[in-house]
Structure formats: structure tokens, C-alpha cells
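So the protein sequences, as listed, match chains A and B. Residue 1 is where the first sequence starts when you use the numbering used here, and the numbers rise one by one after that. Residue 1 is where the second sequence starts when you use the numbering used here, and the numbers rise one by one after that. Even for Gly, the Cβ is constructed at its ideal location relative to N, Cα and C. For reference, the structure discussed in these notes is given below.
Protein chains: 2
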Amino acid sequence: MTDKQILLLPGPTPVPPRVALAMARPAINHRGPEFKTLWEEVNAGLKEIFQTRSEVVILTASGTAGMEAAVTNLVSPGEKVLAVTIGAFGERFVQICRAFGIEAEVLAFPYGQAADPGAIAERLAADTAHEIKAILVQHNETSTGVLNDIQAISKARGSHPALLIVDSISGLAAADLPMDAWRVDVVIAGSQKAFMLPPGLTMLAVNERAWQAAEKCTNQRFYLDIKKARKSGLKGQTPFTPAVSLLYGLRESLHLLQAETLAGSFARHVLMRDMVRAGARALGLKLLAGDDVASPAVTAICVPEGMKPADVINPLREKYGVVVAGGQGTVKDRVFRFGHLGYVSFNDILAGLAALEAVLLDAGVSVTRGAAVAAASAVMREGMAVDIETIAS
Amino acid sequence: MTDKQILLLPGPTPVPPRVALAMARPAINHRGPEFKTLWEEVNAGLKEIFQTRSEVVILTASGTAGMEAAVTNLVSPGEKVLAVTIGAFGERFVQICRAFGIEAEVLAFPYGQAADPGAIAERLAADTAHEIKAILVQHNETSTGVLNDIQAISKARGSHPALLIVDSISGLAAADLPMDAWRVDVVIAGSQKAFMLPPGLTMLAVNERAWQAAEKCTNQRFYLDIKKARKSGLKGQTPFTPAVSLLYGLRESLHLLQAETLAGSFARHVLMRDMVRAGARALGLKLLAGDDVASPAVTAICVPEGMKPADVINPLREKYGVVVAGGQGTVKDRVFRFGHLGYVSFNDILAGLAALEAVLLDAGVSVTRGAAVAAASAVMREGMAVDIETIAS
């Protein structure tokens with residue numbers, strides 16, 4: 001038995017060797033000119049990925065801290081937000097609001113479905129007093145593998161002044177989110193997703209409207225203060241010691257994304273998604289999310305009748321060296337999650353599907369041998385034949 | 001000119017190659033059994049370094065977040081703390097308290113001096129109503145290079161029930177701090193100091209008395225919630241995605257510290273300190289801290305009359321490839337800081353002193369050529385001749 005695993009998770013993603021090597025660079029003084037150069041390169045690269053001209057701040061912490069920073073820097077205690085939830089990470093936004101004295105009105109959609117922009121438009125239209133200060137929503141809901149239509153949600157806002165705060169931790173660089181063009185006020189990202197880095201950094205792009213809200217916000221924060229981060233960032237520093245090794249890695253992963261182009265990354269993720277969906281269906285498995293809202297980063301697959309998620313996940317890892325994730329929230333007992341995010345290759349997907357078939361066969365499930373890989377391979381070959389720009393557009 | 005620098009900072013420390021390589025290990029599922037094994041090994045190793053049987057929590061963030069976590073998990077809004085300050089990081093504790101609605105009564109000592117345990121005893125004795133809920137103090141004050149006498153401060157508490165919360169971010173593993181033996185309730189550490197890792201992790205050891213205070217604390221927190229961290233930790237997980245690569249590095253650096261022994265690490269740091277102090281004095285330079293309170297991690301050195309810190313720091317880096325730190329707080333314009341913390345060798349110190357001599361000569365300062373390295377080398381040779389256990393005891 002080998003310890004060489006194939007990671008098919010919705011993050012952490014495998015790390016490209018170039019990025020891993022970059023992180024092993026010698027330490028530098030985070031108050032010196034070497035750091036300023038690194039900082040400026042990373043900042044410029046991030047603006048391309050966020051598709052924004054706004055300032056991006058980087059915090060040394062993981063994604064949840066980015067969500068907390070968005071809330072505590074922009075919404076004051078006693079104020080109301082509209083929390084649009086379609087899964088466990090939407091619910092986390094609600095928990096964060098409540099931990100900091102913010103009234104979260106929840107607009108919940110069932111696990112596996114996307115948010116209905118019409119319902120959001122209706123709720124905002126009814127809020128003639130503009131009590132709702134912000135809309136909190138996921139771009140890609142990691143727990144269900146559903147992609148929300150952020151462009152439509154932004155349009156649903158109409159002339160309502162609420163800030164649109166989007167958690168795109170598992171979405172950014174895997175699915176299109178042109179922040180400025182779609183009038184999104186804050187986008188939150190994380191290092192261990194399509195950026196192909198280990199966990200430990202969260203990045204927030206914050207537009208001018210949101211910075212103005214930050215000026216007035218009375219909520220409590222210190223380490224996660226984005227105004228302090230912006231102020232230091234303009235000098236090429238951070239207010240508190242940053243995770244320098246991860247920033248070296250980030251510079252390298254930004255180079256990789258630049259070489260691939262954003263459109264190329266979107267297309268690659270879409271193709272991996274379609275391979276997984278075709279393969280799972282060929283095994284007779286049901287998918288939690290519909291094709292129209294399916295995430296390019298992760299697919300929640302329902303386990304066959306009579307099996308529990310652990311009956312798939314554990315033998316996949318223990319016997320076949322393929323690591324997939326469990327379910328979360330209300331679908332915890334029904335699905336496992338097959339990730340296709342970040343530094344994952346088409347070959348990883350094919351091997352993962354082959355292992356999945358083997359696990360089902362071992363469990364006595366009737367499947368057509370070879371069908372999953374054949375179906376996914378057909379999708380792959382068709383996708384590779386198409387100009388990558390065409391897929392992405 | 002080479003880009004090979006000698007880092008003589010009070011953190012981030014250079015990273016041992018073994019640790020850097022460990023951080024490049026392939027990613028794993030932070031919800032899987034591989035992570036649980038890593039977590040348990042790291043946790044057991046940390047307890048040895050903290051010299052405690054209490055639970056240690058690890059947060060993905062840098063040291064300031066550890067200070068914030070200690071405050072927001074243990075002190076409620078409106079409650080009072082005694083903030084004992086001897087420099088910039090003591091002042092940071094005060095800022096954190098005020099950001100979270102806590103009344104910080106400041107007991108300040110001048111930059112360059114240690115806290116007077118007698119003054120602390122006096123203040124606590126006067127607090128017969130036990131209004132002071134916690135004492136916040138630095139072990140090693142990074143801004144001045146002064147080591148507080150934590151054992152004496154703990155004794156000064158007498159029977160007063162205030163929690164003793166010690167920021168040992170730049171002290172732990174460089175100077176002795178037997179937490180349980182000295183009845184310290186909370187100790188805060190950071191990865192980029194004597195642990196020889198890049199920045200990005202902060203660790204808190206929390207004793208039973210402090211956990212009881214955490215149960216009652218009404219302050220606001222989410223990402224930095226140590227109760228959630230403890231609960232997940234008991235299952236070999238973290239509540240939010242951890243910086244896995246840094247944890248791999250931490251496991252390796254704990255192995256290095258175990259091999260050296262804690263006493264060996266203390267002795268090494270003391271010897272490096274004494275080398276730096278002897279060398280600086282041989283150059284005619286004054287030291288901010290007295291010998292009796294001098295930090296084993298960093299030495300604040302006063303610049304010669306008529307020079308500014310930048311006149312030393314910049315040519316050291318630009319011409320000689322030696323990176324030292326600037327001053328902070330009230331001594332910002334008077335000192336530079338020569339670090340001797342973490343993965344620094346005696347040879348680094350000697351080279352650093354030689355470069356310092358060269359910079360002074362370049363600036364027209366009259367110094368005895370060779371005296372600094374000779375003085376430091378004498379200290380080194382004497383120290384190496386003594387049994388390392390003897391120095392440490």
C-alpha cells in the first residue's frame with residue numbers, strides 16, 4: 001500500500017510543486033523592502049483575479065475569518081442584514097452575525113438549490129425603510145455544490161442601498177465573478193481553494209461603497225480590522241505579522257493562474273465538473289444539485305439506497321487512496337462530496353471515478369464496469385477539442 | 001552582490017531546511033485521520049514546550065490574534081484588567097482591551113525596564129473588591145528586549161483571584177516559563193519565534209481556572225473562539241480550516257526542540273544574547289536594557305550620538321546583507337533591534353557583529369577594529385565549554 005493519495009476535496013487543494021517550493025524560500029523581514037515588493041506583486045495579481053480596481057486586503061487566517069471580517073467591519077450591532085442561505089456556509093454567516101449582535105434575517109433555500117433572485121428582489125422591494133444594510137450570500141456553496149447566480153442577485157437589488165457581500169471562498173478563480181462589472185461590494189476568498197495554496201490566508205476585495213460603510217461601522221474588531229490592513233497595505237506592509245511563506249506561494253500561484261488565464265481556469269473547472277457528473281451518473285448515482293446550478297468546484301453525490309456516506313468515503317481512502325469529503329448540514333447523512341477544485345488534473349478525476357466504481361462493486365452495488373471512466377473520458381475528450389475560450393464564454 | 005541575507009530579527013526567524021521541507025509535504029484532508037495523527041503529535045509536543053498539563057489550542061493567525069483571543073475569551077465587556085506594560089506589545093494589549101469594551105488599568109514601566117513585581121503586588125492588595133479580573137503582561141517584550149520576571153509577578157498576585165495572562169510570543173522556548181509550576185493561567189505563543197517557523201500560527205495554553213472563566217465570558221468572538229477550538233481539538237480537528245502546511249512544519253520544529261531539549265534552547269539563546277551584548281559594548285554602543293533584565297531573544301542597541309536607526313539598519317541590509325529590526329514605540333528613534341531568536345547560529349551573530357562594525361567604520365565612528373567579534377567569540381568559546389545544562393539552570 002502506498003501513501004500517495006489523490007485529493008478530491010472542495011479544498012484544501014493539492015499544492016503545485018512550484019508553489020510548494022516557493023513557500024520554502026528563506027524568511028525575510030516583513031517590515032523591509034523585500035516584503036514590499038512581494039506585497040505589491042501579490043496585490044496587483046489579486047486584483048486581476050477579483051476582476052476589480054478596488055483595494056484587496058489579505059488577512060493571515062482562514063476563510064471563516066474573512067467572513068467574520070466582512071461582517072464586523074461593515075455592519076454595526078443592532079443593524080439588520082439579509083442572509084441568503086443555501087447550505088452550511090450560508091448558515092455560518094448567520095452564526096457570525098448573531099455572535100456580533102447583528103440581526104440576521106434569513107432567506108433560506110433548500111440544500112441543493114440555488115437562491116431565487118426573484119425572492120431576494122421581492123424582500124428588498126418591501127424594505128422601503130432600507131433597514132437591510134447588507135445582503136450576505138455565497139457564490140459557491142461548498143456544502144452542497146451549488147453555484148448562486150450572483151449577477152442576477154446583484155440585479156435583484158435594484159436601487160436598494162444594501163451592500164452585497166459575497167463569500168466566494170470556494171468560488172473565486174473557479175467560476176466567473178467580475179466584481180466591478182456585477183456591482184458586488186465585497187468578495188471574500190481563501191487560499192486553499194482555486195488558488196491552489198495551503199490554508200492560512202483569506203483575501204477580501206472591498207469597493208469604495210463598502211469602505212465608506214467601514215468608516216461608520218461601530219462593531220468590534222482588532223486583528224481582523226480591514227481598515228488597518230488597507231492603511232498598512234498602502235505602505236507595502238501588514239498591521240500584524242503576515243504568513244510570509246504563504247504569500248510567496250500565492251505569488252507563484254498567481255503566476256500559474258495568469259499563464260492559464262482566468263477564462264482557462266473557469267473552463268477547466270467546468271470540464272472537471274462535467275466529467276464528474278457524467279461519471280457519477282454512469283454509476284447510477286444521483287446528484288444533489290441540478291445541472292443548471294451545478295458548482296464547478298465540487299459535486300455532492302448521493303449515496304446509493306442503504307449505504308451511508310462513510311461506506312463510500314472510508315474504503316475510497318483506505319483501500320484506494322482517494323480522498324473525498326463528507327456531507328455537511330442537513331444532507332450530512334445522504335451525500336459525499338467529490339471535489340474538483342484547484343490543482344486537480346483530469347487524470348485525478350478519472351482515477352477517482354475508477355476507485356468509486358470499485359468501492360460500489362465491493363459493496364455489492366450493481367454497476368456497469370468501466371462506464372464511469374468511459375463517460376467522463378468522453379466528456380474530457382470533447383471538452384479538450386473545444387477552444388478553451390469558447391467553453392468559458 | 002548576493003541575495004543571501006543573515007536575518008537577525010526578533011522574528012520572523014530563519015526556518016531550518018528540515019522544517020521548510022516538511023511544509024512542502026502533500027496536502028491532506030483536515031477532516032481525515034491523517035490530520036488527527038498530526039494534530040495529536042503536535043499537541044503533545046506543545047505541552048512539553050509550554051511545560052503544562054493543560055489544553056493547548058492552536059489558531060491559524062499570527063500572534064496578535066492570540067492576544068485578542070486571550071482577551072475576548074476570558075474578559076467580559078465592562079470588566080477591568082490590570083495591563084502591565086513595559087513596551088509596545090504591552091500597549092497593544094491595552095488597545096485590544098479597549099477595542100472590546102474592557103477597562104484596562106495601565107501599570108506602565110519605562111521602555112527598557114522590567115515590571116516591578118512589588119508595584120503589582122501593591123496594586124492587587126489594594127483591590128480588595130477583586131475588581132481586577134486579569135493581569136496582562138509580556139514575558140519577553142519584543143520592542144525593548146526586556147524579560148519580565150513572570151515567577152515573581154505570579155507570586156505578587158498572592159491570593160488575588162485575577163487570571164495571569166502572559167504574552168510569551170517571543171519568549172516561549174527561548175526563556176524558561178514553566179506555566180504550571182509558576183501558576184500562570186494562560187500563555188500565548190507564536191510560530192515565527194523560537195519555534196523557527198514562518199508566521200501564521202498562534203498557540204494558547206489555557207489552564208482549568210481560565211477555562212472556567214471562558215465559560216462565563218460574554219465577550220464577542222467567532223473565529224478566535226478558544227472553546228470551539230478545544231472542543232474540536234479533542235476530536236483531532238479544528239473548528240475552521242487550519243494552516244496544515246505550518247502544522248507539518250511545527251511537528252518538525254518540535255522534533256528539533258525535543259532533540260535540543262528545552263534547557264538546551266534556553267542556554268543557546270542566553271549565550272547568543274551574551275555574545276551580542278559583549279560585541280555591541282566592544283563597539284562602544286549602549287544597550288537599552290540592563291543585564292539583569294536582558295532578553296535572550298532580542299537586544300535593543302542604542303545608535304551612536306548623531307546617528308539615526310536607519311543609518312545603521314539600511315547599510316547593514318543593503319551593503320552587508322544583514323537584516324536587523326527598527327525600534328518601536330517611544331524608543332523608535334534611538335535604537336535598532338539585533339535579534340538572536342530561533343534558527344540563528346553563533347556564526348550568524350559573529351557575522352552580524354562584523355557587519356555592524358563595518359557600518360560604524362563607514363559612518364566615521366571610531367571603533368577598535370575586530371573588538372566586537374573578539375569579544376563575542378570569547379563569550380561563545382567560554383559558553384561552549386560549560387555544560388549546557390549548567391547554563392540553563
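For Val146 (chain A), the closest C-alpha among the options A:Gly290, A:Phe35, A:Leu360 is that of A:Gly290. If you keep only unbroken beta strand (DSSP E) runs of at least 3 residues inside the segment 52-96 of chain B, you get 55-60, 80-85.
Contact of Phe338 (chain B) with chain A by beta-carbon distance below 9 Å is absent, the smallest such distance being about 13 Å.
From the beta-carbon of Tyr320 (chain B), no residue of chain A is found nearer than 8 Å; the closest lies around 14 Å away. For the pair Ile102 (chain A) and Val84 (chain A), the CB atoms are not nearer than the 8 Å cut-off. Note: Thr299 (chain A) is bridge-paired with A:Phe338 in the DSSP secondary-structure output.
In the three-state scheme derived from DSSP, where H, G and I count as helix and E and B as strand, Ala129 (chain B) is classed as coil. By the Cβ test, the segment 146-163 of chain A is not in contact with the segment 304-323 of chain A, since fewer than three Cβ pairs between them sit closer than 8 Å. The beta carbon of Trp182 (chain A) lies closer than 8 Å to those of Ile150, Gln151, Ser154 in the same chain, with the five residues before and after it left out. If you look at Val206 (chain A), you'll find it in the beta strand (DSSP E) that goes 201-206. Contact with chain B is found for Pro199 (chain A), since one of that chain's Cβ atoms lies less than 8 Å from the residue's Cβ. For Val106 (chain B), same chain residues with a beta-carbon under 7 Å away, outside a window of 5 residues either side, are Ala83, Thr85, Val94 in chain order. The distance from the Cβ of Thr60 (chain A) to that of Leu201 (chain A) is about 6 Å, consistent with a contact at the 8 Å cut-off. With a threshold of 8 Å between beta carbons, Ser143 (chain A) makes no contact with chain B. Residues of chain B with a Cβ closer than 7 Å to the Cβ of Thr60 (chain A) are, in chain order, Ala61, Ser62, Pro199, Gly200. Under DSSP, the beta-bridge partners assigned to Gly326 (chain A) are A:Phe336.
Counting C-beta pairs closer than 8 Å gives three or more between the segment 374-386 of chain B and the segment 343-354 of chain B, which meets the contact rule.
Gly190 (chain B): member of the beta strand (DSSP E) spanning 186-190, first to last residue. Residue-level contact by beta carbon fails for Met272 (chain B) and chain A, as no gap is shorter than 8 Å.
Using a Cβ distance threshold of 8 Å, Gly112 (chain B) and His139 (chain B) do not count as a contacting pair. At a beta-carbon threshold of 7 Å, the residues of chain B lying near Thr13 (chain A) are Ala27, ordered along the chain. Considering only A:Ala358, A:Ile169, A:Val276, A:Leu356, the residue with the shortest C-alpha distance to Thr13 (chain A) is A:Ile169.
DSSP places Leu256 (chain A) outside any beta strand (DSSP E); the residue lies instead in the alpha helix (DSSP H), whose first and last residues are 244-260. Residue pairing of Ile135 (chain B) in beta bridges, as defined by DSSP: B:Leu82, B:Leu164. Of all alpha-carbon atoms in A:Ala121, A:Glu141, A:Ser143, the one lying nearest the alpha-carbon of Ile135 (chain A) is that of A:Ala121. In the structure shown, Ala372 (chain B) adopts helical secondary structure according to DSSP, grouped into three states.
Within the segment 94-122 of chain B, Gln95, Ile96, Ala99, Phe100, Gly101 place their CB atoms closer than 8 Å to a CB of chain A, listed in sequence order. Not flagged as an interface residue toward chain A: Pro10 (chain B), since no C-beta distance is shorter than 8 Å. Taken atom to atom, the span from the alpha-carbon of Gly326 (chain A) to that of Glu141 (chain A) is near 14 Å. For Glu68 (chain B), the chain A residues whose C-beta falls within less than 8 Å of its own C-beta are Phe222, Tyr223, listed in chain order. Looking at B:Ser295, B:Thr218, B:Arg209, the one whose alpha-carbon comes closest to that of Asp176 (chain B) is B:Ser295. Under the Cβ criterion of 8 Å, Thr299 (chain B) is not counted among the residues facing chain A. Under the Cβ criterion of 8 Å, Ala174 (chain B) is not counted among the residues facing chain A. When B:Leu197, B:Met196, B:Gly264, B:Pro161 are compared, the shortest CA-CA separation from Ala213 (chain B) is found for B:Pro161.
With a threshold of 16 other beta carbon atoms within 10 Å, Thr37 (chain A) falls short and is exposed.
Apart from sequence neighbours up to five positions away, the residues of its chain that approach Met272 (chain A) with a beta-carbon distance below 6 Å are His340, Ile349, ordered along the chain.
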